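Student: Its first residue numbered 1, the sequence shown is counted upward by one per residue in our numbering.
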Amino acid sequence: MPREDNQVPLLSDQDVAYESGEKVHILGINEPDEEGSSVVPPFSWKKLWLFTGPGFLMSIAFLDPGNLEGDLQAGAIAGYSLLWLLMWATAMGLLVQLLAARLGVATGRHLAELCREEYPTWVSMVLWVMAELALIGADIQEVIGSAIAIKILSNGILPLWAGVVVTASDCFILLFLENYGVRKLEAFFAVLIATMAVSFAWMFGETKPTGTELLLGEELPSIGSSGVLIPKLSSKTIKQAVGVVGCIIMPHNVFLHSALVQSREIDYSKKGRVQEALNYYSIESTVALIISFIINLFVMTVFAKAFYGTEIASSIGLVNAGQYLQEKYGGGLFPILYIWSIGLLAAGQSSTITGTYAGQFIMGGFLNLRMKKWLRALITRSCAIIPTIVVALVFDTSEAALDVLNEWLNVLQSIQIPFALLPLLCLVSKEQIMGTFKIGPALKIVAWLVAALVIVINGYLLLDFFSSEVTGVIFTTVVCAFTGAYLAFIVYLVYWGFTLSVRRHMLPAKLAQGME
């Protein structure tokens, strides 16, 4: 039967995100469409349930320990004044993730695979190295967050490095759950997200903020009233504002989501079935990020209510946050210190496991490796765990040193953001790749504006950081040379993306072969 004009490429025999036997079966996929293959089937709650899962795994990156630290610092230093920015930053993150899902569904391939196919070999290798570095940086923060929680819950019996070793075992949990199917894995993450929600909601209830404070804010000395519905920004909180936006886009999460959406059976010969999948994924991703926004709001509000305007506000971080909460609110039936630690542990464990998952797709996609999952997970996990153990041994006794390390890791991830965003936007804009599912002019403009805003904001973070940290002629020269090469590579990515249609690797003739 000839293919429809949606021009969706057929899956190849190369490395794929999911084998056909691993995919979740969707009701009615094998039934003939009486009204034509271009017609989208009517909405079904059962189908929505079957498509639900990938968006929640994706949302975990919005709840990792790095984000929680950004939330608590923003709340403690800026009060309620950045709640509106948290909401809009989450909305920007949702747009990027929906584009990643669109790419994966419409092409049947994930971002790492397409980068390998569409860019020159040397470019795809650079993109792979950058993606791995971003993943390692995120993983170190996530593992350290879990280790801090384990240290607190064990009353200090287990040092930081021991918590890292315990957390390292999560890749085996992933492999164990994968043997029982995708849905079991997704259910496990749902339990972890629910644990975070309950823990931080409990803390939220302990602090007793009012609805008026959240929506309209309270009168702040520097900027007046500001909350979720009143956008205001002060020069005194610009660094926290940049941090809130900067930590929303995680490079490895873009790669991850474009692969996760391929875990469902989709009939690529029928345009209506592809659009149906896009519709369901859009709904479940939106719901997942609304939940993540609420959880982040809980954390920011707790620390705003407890510590805004106090002398210790600027010194609060992941390491000492639980202790400060304990001193503020006391023990009670279930001490808030342990409630915080349970939520932090759930955040760290879930994000490190999804990081391992993302690492498998990134390595397999860029290198086209077909190897056993346990071996790929072991390699991916080792790349992050070994440096993390070194970090834990060196910085175990120094909170200040851990804060400095965290800043450097944020810089590392900020540097990598263009190398996930730019290829994504270039690929979803091209009809030769997306067929009729390419994004339209209006969405393209909005997406590029969001990408530009995120890159500029992270550029401000980098400039602010290096202006205070870079000293000496040699170091300054090295940083300047690196910055020049970095900007040149970004320009090259944009140029290559806009001229992709001229040098299309997968020519229409190749698509025509799949139509015969």
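We put the beta carbon where it would ideally sit given N, CA and C, even for glycine. Only a predicted model underlies this, so the values are computations on that prediction, with no experimental measurement involved.
Report the partner residues of R264 according to the DSSP bridge assignment.
Tutor: V24
Student: Apply the 10 Å Cβ neighbour rule to H252 and answer buried if 16 or more other Cβ atoms are within range, or exposed otherwise.
Tutor: buried
Student: Using DSSP with H/G/I as helix, E/B as strand and the rest coil, what is D64?
Tutor: The three-state reading of DSSP puts D64 in coil, since its state is none of H, G, I, E or B.
Student: Per DSSP, what kind of secondary structure is V16 in: helix, strand or coil?
Tutor: coil
Student: Please classify Y495 as buried or exposed, where buried requires at least 16 neighbouring CB atoms within 10 angstroms.
Tutor: Burial check for Y495: the Cβ neighbour count within 10 Å stays below 16, so the residue is exposed.
Student: With a cut-off of 8 Å on the beta carbons, I'd call L520 and S292 a contact; round off their distance for me.
Tutor: Outside the shown range of the chain, which is 1 to 516, sits residue 520, and nothing can be said about it.
Student: Is it true that the CB of M300 sits closer than 7 Å to the CB of Y74?
Tutor: Correcting the residue identity first, residue 74 is Ala in this sequence and not Tyr. In contact: A74 and M300 (Cβ atoms closer than 7 Å).
Student: Return the chain-ordered list of same chain residues with a C-beta closer than 6 Å to the C-beta of G53, the five sequence neighbours on each side being excluded.
Tutor: The answer, listed in chain order, is E186.
Student: Taking just the CA atoms, how far does F334 sit from G243?
Tutor: A direct Cα-to-Cα measurement between G243 and F334 gives close to 32 Å.
Student: Given A166, which residues of its chain have a CB within under 7 Å of its CB, disregarding the five upstream and five downstream residues?
Tutor: For the record, residue 166 in the displayed sequence is Val; it is not Ala. I150.
Student: Is it true that the segment 434-445 meets the segment 110-129, where meeting means three or more beta-carbon pairs spaced less than 8 Å apart?
Tutor: Result no; under three Cβ-Cβ pairs closer than 8 Å.
Student: I need the DSSP call for P423, collapsed to helix, strand or coil.
Tutor: In the three-state DSSP reduction, P423 falls in the helix class (H, G or I).
Student: According to DSSP, is H257 part of a helix, a strand, or is it coil?
Tutor: helix
Student: Express the C-alpha separation of Y280 and I26 in angstroms, rounding to a whole number.
Tutor: 12 Å
Student: Helix or strand or just coil, what does DSSP make of F56?
Tutor: helix
Student: Please go through the same chain and pick out, in chain order, the residues whose beta-carbon is closer than 6 Å to the beta-carbon of S59, but skip the five residues on each side of it.
Tutor: A288, L289, S292
Student: So L158 is in the alpha helix (DSSP H); what residue range does that whole segment cover?
Tutor: No alpha helix (DSSP H) contains L158, which DSSP labels as neither H nor E.
Student: Using only CA atoms, which one of A241, F204, P42, L175 lies nearest to L86?
Tutor: When each option's Cα is compared against that of L86, the closest is A241.
Student: Rounded to whole angstroms, what is the Cα-Cα separation between V39 and F255?
Tutor: 29 Å
Student: Below 8 Å, how does it come out for the segment 408-417 and the segment 137-147: are there three or more Cβ pairs, yes or no?
Tutor: yes
Student: How far does the alpha helix (DSSP H) with T286 in it extend, from its first residue to its last?
Tutor: 271-307
Student: For V245 versus A89, is the C-beta distance shorter than 7 Å?
Tutor: Closer than 7 Å, so yes.
Student: Taking 6 Å as the cut-off, is the C-beta of G359 nearer than that to any heavy atom in the ligand SAM?
Tutor: Only the bare structure without any ligand can be found here, which leaves the ligand SAM out of the picture.
Student: Give me the Cβ distance between G365 and E113, rounded to the nearest whole Å; I'm assuming they're in contact under 8 Å.
Tutor: 4 Å
Student: Under the assumption that L174 contacts I353 (Cβ atoms under 8 Å), give the Cβ distance between them as a whole number of angstroms.
Tutor: 5 Å
Student: If you draw a straight line from the C-alpha of S467 to the C-alpha of K271, how long is it?
Tutor: Roughly 51 Å separates the two Cα atoms.
Student: Could you check what DSSP says for K208 in three-state terms: helix, strand or coil?
Tutor: coil
Student: For S341, which residues from the same chain have a beta carbon less than 7 Å from its beta carbon, with the 5 sequence-adjacent residues on both sides left out?
Tutor: A149, I152, L153, G322
Student: Here's the rule: buried if 16 or more other CB atoms are within 10 angstroms of the residue's CB, otherwise exposed. What is M92?
Tutor: buried
Student: Figure out for me which residue from A277, F307, S285 has the closest Cα to the Cα of P41.
Tutor: A277
Student: I'd like to know whether the C-beta atoms of Q517 and T388 end up nearer to each other than 7 Å.
Tutor: Outside the shown range of the chain (1 to 516) lies residue 517, about which nothing can therefore be said.
Student: Would you mind working out which of L427, S20, F498, R102 sits nearest V261, comparing C-alpha positions?
Tutor: R102
Student: What would DSSP say about R109, mapped onto helix, strand or coil?
Tutor: coil
Student: Would you call the CB atoms of G343 and F200 closer than 7 Å?
Tutor: yes
Student: Is it the case that the Cβ atoms of Q97 and S350 are separated by a distance below 7 Å?
Tutor: no
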